[in-house]
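Structure, as structure tokens:
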Amino acid sequence: MASRVIPVGPFDLVIFGGTGDLARRKILPALFRRFCAGQMCGDARIISAARAEMDSAAYRDFARSAILEFDDNDACAADNLEGFLEQLSYITLDARGDTGWPALKGALREGPVQAFYFSVGPGLFGDLAERLHKYGIAGPESRIVVEKPFGRDLASAQALNKGLAQHFDENQIYRIDHYLGKETVQNLMAIRFGNTLFEPLWNAQYVDHIQITVAESVGVGTRGGYYDKSGAMRDMMQNHLMQLLCLIAMEPPAKFDPAAVRDEKLKVIRALDPLEPEDVVRGQYEGTDERPGYCDQVENHDTRTETFIAIKARIGNWRWAGTPFYMRTGKRLKARASEIAVVFKDAPHSIFGATTGRHRNILTIRLQPNEGIELGVTIKEPGPGGMRLVDVPLDMSFAEALGPDSGDFPDAYERLIMDVVRGDQTLFMRGDEVEAAWEWVDPIIEAWQEADSAPILYDSGSSGPDDALRLMHKDGRRWREIKT
Ligand code: NAP
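Everything in the sequence shown is counted per my numbering, starting at 33 for the first residue and increasing by one.
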């Protein structure tokens, strides 16, 4: 079943930081794929800007090699590439100076949608916002897109929000969390609110607990400089995992529109009980004979930055009181696997007797790899010999259920950039959500700093520190195996 593509209208997209890593690896390939899919009308212009001196022809060469290196979608015909590149131009511009701004103003058209992608460090957000106004470039209809990290604590997030709010209204600001652009994450909402089957069971009466795992098999690689100032709590938990938690736990919004969805997500964060130190486990990976440990990959070999974190969260509201949410994320774990598992309670009474074992339904939403949804159900084991029960998956791998082309859905950046052009903020974080999330994690980070506590070391290729296993064992539960 081929996906339906609705073309977007004319737009001018400015990529500040158009020569950077994110532009190369994600933004340019994503735009190219949308171009190939026929979603970008012929009247789209992409203007990249950075300090490096080069002309538009040189930038097109840069973009061509980025796309050839990072676009892994065979559906994109190579002969589309030159057509796409014709829509690209480049301006040398300094976010902190006057160079390039008049040229940028001259390059933009009146009429089409205007979007400005801040693909630069957060330290430049305020400068860009200010100059877009000073030079009369951005108007009340313009949109800006900002990347993570959105602050490193509540105070810095508030300062960023304040800086942007001086020049842009909240409805012009698109804070990207690319997890929200994933197909399965949106499917999570479709499953919950599009079926009558799940929603009546979606509460503490029927759900024993929920697990959210985002596991990476790779380490920090060359990103050690950035990562060591951040760590798993700031880099992953405060944003991606908490956003997943919000979607899974929120009340049904009245409508699938930005204000309604984001209001409900915010209520979840505000209902979270404060974290207690015993509900948090932080770890750091050790090396192997072949691979260096984290502390050998960063400048400060005595680093106390965590590469793993596990949390037991409690939501203090009527729906979820008594149902814990266990979340974990880490690097150098045994596999690259992300999933949300809704573990339902056991049937209240087994009519089949104690020997048939304990059986429970688990709804698994797989984010990567093989995006899909699986519902574990209990059936009779086939064959003679009495009633023996066995759990089997009702597996809805999208590719199997919807046909071979269904796996070719847009990646998160493709979808999110097109949402910016369409003016749909539903899958973007609102300023108050981001601040509330920092407010929840800040006290724990501060407590680590005050105690100068060190993360627990764990083996590369493992499931993280044993203490993370104990976090669940002490509640009589266990993590699902991390496997691809
Ligand atoms: P990067 O590789 O360091 O690129 C930074 C870009 O900003 C370059 O194009 C640089 O070009 C430009 N720039 C720097 N100072 C400038 C100035 N004064 N005026 C105009 N342009 C300037 O960074 P990145 O990895 O692409 O990351 C960009 C943003 O995305 C950051 O906020 C990062 O946290 C976020 N992010 C990145 C990734 C990723 O995978 N890379 C993932 C998630 C979020 P010149 O030096 O030529 O000016």
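Note that the Cβ used here is the ideal one computed from N, Cα and C, for glycine as well.
Check: Short Cβ contact (9 Å threshold) for Pro-401 with Arg-65; Outcome: no
Check: CB-CB length for Tyr-358 against Gln-243, believed under 8 Å; Outcome: 5 Å
Check: Entirely enclosed beta strand (DSSP E) segments - the region 349-380, minimum 3 residues; Outcome: 357-362, 369-376
Check: Straight-line gap, Thr-254 to Tyr-445 (C-alpha atoms, nearest Å); Outcome: 22 Å
Check: Any non-hydrogen atom of ligand 1 closer than 8 Å to Ala-191 Cβ; Outcome: no
Check: Inter-residue spacing [alpha-carbon to alpha-carbon] between Leu-60 and Pro-154; Outcome: 20 Å
Check: Through-space distance from Arg-294 to Leu-365, alpha-carbon basis; Outcome: 32 Å
Check: Pairwise C-alpha distance: Asn-271 and Asp-507; Outcome: 26 Å
Check: 6 Å Cβ shell around Leu-156 - same chain, five flanking residues per side excluded; Outcome: Ala-127
Check: Element boundaries [alpha helix (DSSP H), containing Ile-19]; Outcome: Absent from the model: residue 19. The displayed extent of the chain is 33 to 516, so no value can be given.
Check: Near ligand 1: Pro-154 beta-carbon under 8 Å from a heavy atom; Outcome: yes
Check: For Lys-214, the three-state DSSP class (helix, strand or coil); Outcome: coil
Check: Same chain, Cβ closer than 7 Å to Gly-325, neighbours up to 5 away in sequence not counted; Outcome: Tyr-317, Glu-318, Gly-319
Check: Thr-388, DSSP secondary structure in three states; Outcome: helix
Check: Contacting residues, own chain, Cβ-Cβ under 7 Å from Glu-296 (five flanking each side not counted); Outcome: Met-282, Glu-283, Pro-285
Check: Sufficient close CB pairs (3 or more, under 8 Å) joining the region 72-85 to the region 131-143; Outcome: yes
Check: Leu-307 to Asp-111 span [Cα, whole Å]; Outcome: 54 Å
Check: Under the three-state DSSP convention, the category Met-33 falls into; Outcome: A caution first: Met-33 carries a pLDDT of 48, below 50, which makes its placement in the model unreliable, though a value can still be read off. Correct three-state label for Met-33: coil.
Check: Cut-off 6 Å between Cβ atoms - residues of its own chain near Tyr-259, not counting five sequence neighbours on either side; Outcome: Val-252
Check: Alpha carbon of Pro-416 to alpha carbon of Thr-388, nearest angstrom; Outcome: 15 Å
Check: Distance CB(Phe-376)-CB(Val-239) smaller than 9 Å; Outcome: yes
Check: Own chain, CB closer than 6 Å to Arg-57, minus 5 neighbours either side, in chain order; Outcome: Phe-102
Check: Residue range of the unbroken beta strand (DSSP E) whose run includes Ala-81; Outcome: 76-82
Check: Presumed contact (8 Å Cβ cut-off) between Gly-315 and Gly-362, rounded CB distance; Outcome: 7 Å
Check: Any 3 or more C-beta pairs closer than 8 Å across the region 184-191 and the region 83-97; Outcome: no
Check: Extent of the continuous beta strand (DSSP E) to which Tyr-122 belongs; Outcome: 120-124
Check: Gln-190 in three-state terms, based on DSSP; Outcome: helix
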